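Asks:
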Amino acid sequence: MDTVVVLARSFGKASSEPLDILKKAGLTVAVKKDPEPENEMVVADLIAGAQAVIVGMDRIGEMVLSRCSNLRVVSKHGVGVDNVDCDAARRHGVVVANAPGTNSDSVADMTLALMLGLARKVPAILENVRNRVWSASAFGSEMGGKVLGLVGFGRIGQGVARRARGFDMDVLFYDPLITETEIAARKVLSLSELFSGADYISLHAPLSESTRGMVNESLLGLMKKEAFLINTARGELIDEAVLFRFLKEGRIAGAGLDVFSEEPPFDSPLMTLPNVLATPHVASHTREANSKMGTIAAENVVRVLRGEEPLYRVT
Numbered sequence: 028m029d030t031v032v033v034l035a036r037s038f039g040k041a042s043s044e045p046l047d048i049l050k051k052a053g054l055t056v057a058v059k060k061d062p063e064p065e066n067e068m069v070v071a072d073l074i075a076g077a078q079a080v081i082v083g084m085d086r087i088g089e090m091v092l093s094r095c096s097n098l099r100v101v102s103k104h105g106v107g108v109d110n111v112d113c114d115a116a117r118r119h120g121v122v123v124a125n126a127p128g129t130n131s132d133s134v135a136d137m138t139l140a141l142m143l144g145l146a147r148k149v150p151a152i153l154e155n156v157r158n159r160v161w162s163a164s165a166f167g168s169e170m171g172g173k174v175l176g177l178v179g180f181g182r183i184g185q186g187v188a189r190r191a192r193g194f195d196m197d198v199l200f201y202d203p204l205i206t207e208t209e210i211a212a213r214k215v216l217s218l219s220e221l222f223s224g225a226d227y228i229s230l231h232a233p234l235s236e237s238t239r240g241m242v243n244e245s246l247l248g249l250m251k252k253e254a255f256l257i258n259t260a261r262g263e264l265i266d267e268a269v270l271f272r273f274l275k276e277g278r279i280a281g282a283g284l285d286v287f288s289e290e291p292p293f294d295s296p297l298m299t300l301p302n303v304l305a306t307p308h309v310a311s312h313t314r315e316a317n318s319k320m321g322t323i324a325a326e327n328v329v330r331v332l333r334g335e336e337p338l339y340r341v342t
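FYI, the numbering used here numbers position 39 of the sequence shown as 66, with every residue one higher than the one before it.
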């Protein structure tokens, strides 16, 4: 009987359906807690002789693939597979599958929540209330008429654009892979144009060697002093040391960050700043997204172990 190890912490939390799919397929399911998702030795020991693994942010690289010779499929409980060495998986004959589109609405919602929180200075207001101060220490700002710049215009970026249009925002986007769009948004030809022209900049690009650290001193230096930076994609897209300096010196107004290069980021200097609105990598953390994500992750495993193509194959 084939075994699937579940390392993704939120798998099946919103619904029993994902686990039911695995069990009805006759698979042995081992749900394990991974204390060190970045440590491949730990990950390999947890997977051991299993034929399938469902991962969250757990690192799957050459070490894991070499040690886990029975592994046939790595199923991502989510969309991004930057924690999986897809080239190594291909060499070892291991299928990598994911669940695209399942968290698009949830992440788009969270992006707007962070934008609104920054615009209306919600963290400072809540702190005042906790301190029994029934007033705001500074004016917030309206979003209508402001310019939103989106870096990346896939499912999530387009979802953010639709929501922003409901707030009467003008929307720009930069994405070299997008040539046409059905919604009212204007494509710009460079990141420089986007960063210099937007009041809010929201990151929705995948993490790759070309995008790692893309938000650097050069781009941040183009932002308006009153502008906000939002990141619900990957923390590594930003040079965080430079961002800290720009925020501390008041060279940009604030940042809404759901992701960090190292998590949890409790030792990050960004966490000490009053103009940073930080959330714990929960943009996709809704019942709806969790249920869809888990169902597809489970279906991908079942299909591969049956000798079929997964619903969504990465490699």
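Every residue, glycine too, gets a C-beta built ideally from N, C-alpha and C.
These numbers come from a predicted model, not from an experiment.
(1) Quick one: is aspartate 114 buried, meaning 16 or more other Cβ sit within 10 Å of its Cβ, or exposed?
(2) Does the region 118 to 134 come close enough to the region 315 to 323 that 3 or more CB-CB pairs lie under 8 Å?
(3) Return the residue from the list Phe271, Arg278, Pro307 and Arg314 that minimises the CA-CA distance to isoleucine 299.
(4) Measuring only the C-alpha atoms, how far is alanine 280 from isoleucine 152?
(5) Out of Pro291, Arg192, Leu338 and Gly283, which one is the CA nearest neighbour of glycine 228?
(6) Exposed or buried, what is threonine 55 when buried is set at 16 or more other beta-carbons lying within 10 Å of its beta-carbon?
(7) Quick one: grab the DSSP three-state call for leucine 300.
(8) Residues in its own chain within less than 7 Å of aspartate 61 by CB, not counting five upstream and five downstream?
(9) Quick one: grab the DSSP three-state call for arginine 340.
(10) Quick test of your reading: serine 102 and alanine 79, contact by CB under 8 Å. State the CB separation rounded to the nearest angstrom.
(11) May I have the straight-line CA-CA distance separating glutamate 276 from phenylalanine 38, to the nearest angstrom?
(12) Provide the residue span of the beta strand (DSSP E) that contains threonine 30, from first to last.
(13) Restricting to runs no shorter than 3 residues, where is the beta strand (DSSP E) found entirely within the region 182 to 212?
(14) Taking 8 Å as the threshold, find out whether the region 199 to 206 comes into contact with the region 178 to 190 through three or more Cβ pairs.
Replies: In terms of the structure at hand:
(1) exposed
(2) yes
(3) One point to set straight first is that residue 299 is threonine, not isoleucine, in the sequence displayed. It is Phe271.
(4) Looking at the two C-alpha atoms, the distance is approximately 16 Å.
(5) Note on identity: in this sequence residue 228 is isoleucine, with glycine being the wrong assignment. Measuring from the Cα of isoleucine 228, the nearest candidate turns out to be Gly283.
(6) By the 16-neighbour rule on beta-carbons within 10 angstroms, threonine 55 is exposed.
(7) coil
(8) Leu34, Val69, Val70, Leu73 and Asp85
(9) strand
(10) 7 Å
(11) 41 Å
(12) 30 to 33
(13) 197 to 201
(14) yes
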